[in-house]
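One line per chain: the protein sequences are A and B, in this order.
In terms of my numbering, the first sequence has 45 at position 45, counting the first letter as 1, and numbering is strictly consecutive.
In terms of my numbering, the second sequence has 1235 at position 235, counting the first letter as 1, and numbering is strictly consecutive.
Just so you know, even glycine gets a beta-carbon here, dropped at the ideal spot from N, CA and C.
Quick caveat: nothing in here was measured; it's all calculated off a predicted structure.
These notes concern the structure reproduced below.
There are 2 protein chains.
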Amino acid sequence: MARDDRMQAPLEISAQGSFAAGGTKIKNPGVFDVSTMKPEGQTLHGDHAYAFYQIPKDTRKLSMVFLHGNFQSKRSWESTPDGREGFQNIFLRRRFGVYLVDQPRRGEAGRASIPGEITAGCDDQMWFSIARIGIWPDFFEGVQFPRDPESMEQFFRLATPDTAAFDIEIASAGVAAVCDKAKNCILITHSKGGGTGWLTAIKSSSVKAIVAYEPISNFVFPEGETPEPEASSFGPIAASSIPLDDFLALTKVPIVLYYGDNIPKMPSQNPGQDMMRAGIIVAKRWVDTVNAHGGDATMIFLPERGIFGNTHSMFSDLNNLEVADLLSEWLAEKGLDR
Amino acid sequence: MARDDRMQAPLEISAQGSFAAGGTKIKNPGVFDVSTMKPEGQTLHGDHAYAFYQIPKDTRKLSMVFLHGNFQSKRSWESTPDGREGFQNIFLRRRFGVYLVDQPRRGEAGRASIPGEITAGCDDQMWFSIARIGIWPDFFEGVQFPRDPESMEQFFRLATPDTAAFDIEIASAGVAAVCDKAKNCILITHSKGGGTGWLTAIKSSSVKAIVAYEPISNFVFPEGETPEPEASSFGPIAASSIPLDDFLALTKVPIVLYYGDNIPKMPSQNPGQDMMRAGIIVAKRWVDTVNAHGGDATMIFLPERGIFGNTHSMFSDLNNLEVADLLSEWLAEKGLDR
């Protein structure tokens, strides 16, 4: 199917638009006085998610809801750093409705119910290393990331901060509200969005499958089955506990976790790589726990499938059509592409 | 042409994607050490604009670059609060390439080169009044805004804050970089975006026309011709001075300014309305100055055209197809729709 994508025919979009979903509302006591416009009697609507959606002609039954990771926005799924088509276009071409989300307190959903402080620290080279493009200034051999300066510039400029403290309950409530508007959907998450995604699927029965790209943190286990934090040179990778009844929602939908290349098996002094090594130990335990409770969770390591060089953002890597093909195969196998 | 819009045929998009444009880069002294990931030797890329673009099949020669106003984002031009098509879709259907911008330090372009502090004050009712939907909790008679609670909720949730202090030079540099990527374009601004737009057109010769919806503040005059601030119950509406050579760029492109309804002629105790009354006095002076220097600037007051009830965001009002028709007429008149 990737062959057709490369022809770049026009996209036929039967509907597109955007909305806010979920969120909280706070209200100051008193009565609003228009002549002073003071806070008395006024409200604040915040903590909602934002989604931009596109529904292609002859759309399939399930839509895709895409959730970004830490320090990013829905842009993660749009054009790649070198300007090729990202998963937004690729899966529109494969006839899926696509919802791109900014989680509450991020991007165009920046209005929060609490104040926020944003720092401006220099950390581009940290993100380069965490993304496993290489160890700055060196690229990993064979890495699926373009080496021209403009692509690197675009990569760095994907970053956008939290406008107020990240709160996984607020984030997942907002994303769940998007899923409910999308109706039946496949939730596709990246990195830290993975943890938010598990809670989203627990909150919204509209989620019919979960695809998680390199989830590392915030795995949720049934109370009494939660492993100890896994040490890494990045810091401990901790899991959290939830009631078994909530956890069981995750056994009702097929789940797949994808991991890329250059993840060491032994402890590493590169925190970006070591965090993934430790995260995968927790992730394996989590997949086993889901399956032990009757679920259907799968981990896929791209190098084991003969696909090498993928970074933390494999969906925009040079071979992202191949990465998309893997997903299409899984969706077909699970009957999710009808 | 509005008739065809209402048929809601599928959109045929020959290309769509997104990018960052412009921006600054700062670098910490020292050498990056991956094992500690400390700030030494690291960079920060920030202060860029972000744009999402769509190019329709059989696109016209000029694209449209859309710039939001204060406390908003590119969402201003997407779905209306009641879920109808906004100017994004309307002008795609009219075969214009569309670039929706988040200015630097806003929305998905939230990464800034300086720290930011975000407050969480209750001010929804202020924005309702500034938007001239009515005077909270009352709607203006015949206002072109839907009265159902969900539309009001969506309206409030359009707000998103600056992630760092607004800087009109940084903002206009980012938007100018988007215009340069769009190549020849019509710059369409809203409210405070108007002031940023004048500087954008001075910085980018890609801007071939300017359409400003309800610009109020930051009018730029040639040195020596700048009027005194105009008093209003909102506060003074001040203009600023720029070198004549810069100003003359604004006389080289056709410009139109649109204003809606419920703008009082006499001072008002509603600061939202009074700010517009005062802003229009400055705007008239500005249009006269542009034209005195050989330019082609026009002000259009919708009520004088028999179009009533429009708010500060007329492009998403109930009659936004009529508002779009007015623009299409102006573009045709100026030969900008080839």
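query = Closest Cβ-Cβ distance between Asn1028/B and chain A: below 8 Å?
reply = yes
Chain-ordered chain B contacts of Asp124/A [CB-CB under 7 Å] = Gln1042, Thr1043, Leu1044, His1045
key: Residues of its chain near Gln154/A, where Cβ-Cβ distance is below 6 Å and the 5 sequence neighbours each way are ignored   = Pro81
query = In chain B, which residues lie less than 8 Å from Glu78/A when you measure between Cβ atoms?
reply = Gly1017, Ser1018, Phe1052
query = Going by the beta-carbon positions, is the gap between Lys203/A and Ile186/A smaller than 8 Å?
reply = no
task = Could you list which residues in chain B have their beta carbon closer than 7 Å to that of Phe156/A, in chain order?
result = His1045
query = Do Phe1234/B and Gln125/A come within 8 Å of each other at the CB atom, strictly closer than that value?
reply = no
query = Do you know offhand how far Glu1329/B's Cα is from Phe1308/B's?
reply = 18 Å
ask   = Taking the alpha-carbon positions, what's the Asn1184/B to Leu1062/B distance?
value = 5 Å
inquiry  = Strictly by DSSP, which residues pair up with Cys122/A?
reply    = None, per the DSSP bridge assignment.
key: Whether Gly110/A touches Gly1110/B by CB criterion (8 Å)   = yes
inquiry  = Can you give me the C-alpha to C-alpha distance between Tyr258/A and Gly69/A, rounded to a whole angstrom?
reply    = 14 Å
Neighbouring residues, chain A, relative to Met1275/B (Cβ below 9 Å) = Going along chain A, no residue has its Cβ under 9 Å from Met1275/B, so there is no contact; the nearest lies around 11 Å.
query = Exposed or buried, which one is Pro1132/B when buried takes at least 16 other CB atoms within 10 Å?
reply = Before going further, note that residue 1132/B is Arg rather than Pro in the sequence given. Arg1132/B is buried by the Cβ-count criterion.
inquiry  = Against chain A, does Met1101/B count as a neighbour if the rule is that its beta carbon must be under 8 Å from one of theirs?
reply    = Met is not the amino acid found at residue 1101/B; the sequence shown has Val there. It does not; no Cβ of chain A falls within 8 Å.
request  = Kindly identify the DSSP beta-bridge partner or partners of Ile13/A.
outcome  = Pro56/A, Leu1011/B
ask   = For Pro1029/B, is the classification buried or exposed, using 16 other Cβ atoms within 10 angstroms of its Cβ as the cut-off for buried?
value = exposed
Classification of Ser18/A by the beta-carbon crowding that lies within 10 angstroms, buried from 16 upward = buried
message = Am I right that Gly46/A and Ala112/A are in contact with their C-beta atoms under 8 Å? What's the rounded C-beta distance?
response = 5 Å
message = For the alpha helix (DSSP H) containing Met1299/B, name the first residue and the last one.
response = That residue, Met1299/B, is in no alpha helix (DSSP H); its beta strand (DSSP E) goes 1296-1301.
query = Along chain B, in chain order, which residues have C-beta atoms closer than 9 Å to that of Leu67/A?
reply = The premise fails here: Leu67/A is roughly 14 Å from chain B at the closest Cβ pair, so nothing lies under 9 Å.
ask   = Per DSSP, Lys25/A forms a beta bridge with which residues?
value = His45/A
request  = Let me know the secondary structure DSSP gives Met208/A once reduced to three states.
outcome  = Note on residue identity: the sequence assigns Lys, not Met, to residue 208/A. Strand.
key: Boundaries (first-last residue) of the alpha helix (DSSP H) holding Met1037/B   = No alpha helix (DSSP H) holds Met1037/B; DSSP gives it neither H nor E.
query = Anyone know if the C-beta pair for Gly272/A and Ile130/A falls short of 8 Å?
reply = yes
task = List the residues that DSSP assigns as beta-bridge partners of Glu117/A.
result = Glu1117/B
request  = With 8 Å as the threshold, decide whether the Cβ of Leu1011/B is near any Cβ in chain A.
outcome  = yes
key: Residues from the stretch 124-143 of chain A in contact with chain B, defined by Cβ distance under 7 Å   = Asp124, Gln125, Met126, Ser129, Ile135, Trp136
task = May I have the straight-line CA-CA distance separating Ser79/A from Ala278/A, to the nearest angstrom?
result = 30 Å
task = Step through the CB atoms of chain B and report whether any lies within less than 8 Å of the CB of Ser35/A.
result = yes
request  = Please look up how many angstroms separate the CB atoms of Phe219/A and Gly195/A, rounded, as I've assumed it's under 8 Å.
outcome  = 7 Å
request  = Express the C-alpha separation of Pro222/A and Ile242/A in angstroms, rounding to a whole number.
outcome  = 5 Å
ask   = Is Ser1328/B helix, strand or coil by DSSP?
value = helix
request  = Counting only the same chain and skipping the five closest in sequence on each side, list residues whose C-beta sits under 6 Å from that of Pro264/A.
outcome  = Gln273, Arg277
query = Interface residues of chain A around Thr1163/B at Cβ under 9 Å?
reply = Gly110, Gly116, Ile118, Thr160, Pro161, Thr163
request  = Along the alpha helix (DSSP H) that carries Met1276/B, what are the first and last residues, could you check?
outcome  = 1271-1292
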